[in-house]
Amino acid sequence: RAYSVAGADPVLLHTYDVGANAVDVAVDNDGGFAYVATFGGGMAALYVADPADLFLLDAEPGWGFLNAVAIDPGLINRARVFAADGSAG
């Protein structure tokens, strides 16, 4: 879900169903891409630069039961994404 938090009360802008229980989200420094770790559905990469028009870029459903996702902040225009996959590492 994308929210605007500029005011006192958050406002829902858009939602996107990744097909599994989302457990963590990492957004790149430019705010253009979000990576969603899911429990049982792998990882989804979303384009989020326009919160009113979110869309799926890619999905890796076979990654298992992810617990967390993080982006390497040192890379520009290329994301390196790290994910924790339960007992699989």
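So the numbering used here is basically just the index in the sequence shown, starting at one, shifted up by 45.
Every residue, glycine too, gets a C-beta built ideally from N, C-alpha and C.
These figures come from a predicted structure and were not determined experimentally.
- The Cβ atoms of Leu102 and Tyr61 do not sit closer than 8 Å to each other.
- Closest in alpha carbon position to Asn74, among Gly107, Asp54, Asp117 and Ala90, is Asp117.
- Secondary structure of Ala79 (DSSP, three-state): strand.
- A residue is called buried once 16 or more other Cβ atoms fall within 10 Å of its Cβ, and Gly131, having fewer, is exposed.
- Here Ala94 has Gly77 as same chain residues with Cβ atoms under 6 Å from its own Cβ, once five neighbours each way along the sequence are excluded.
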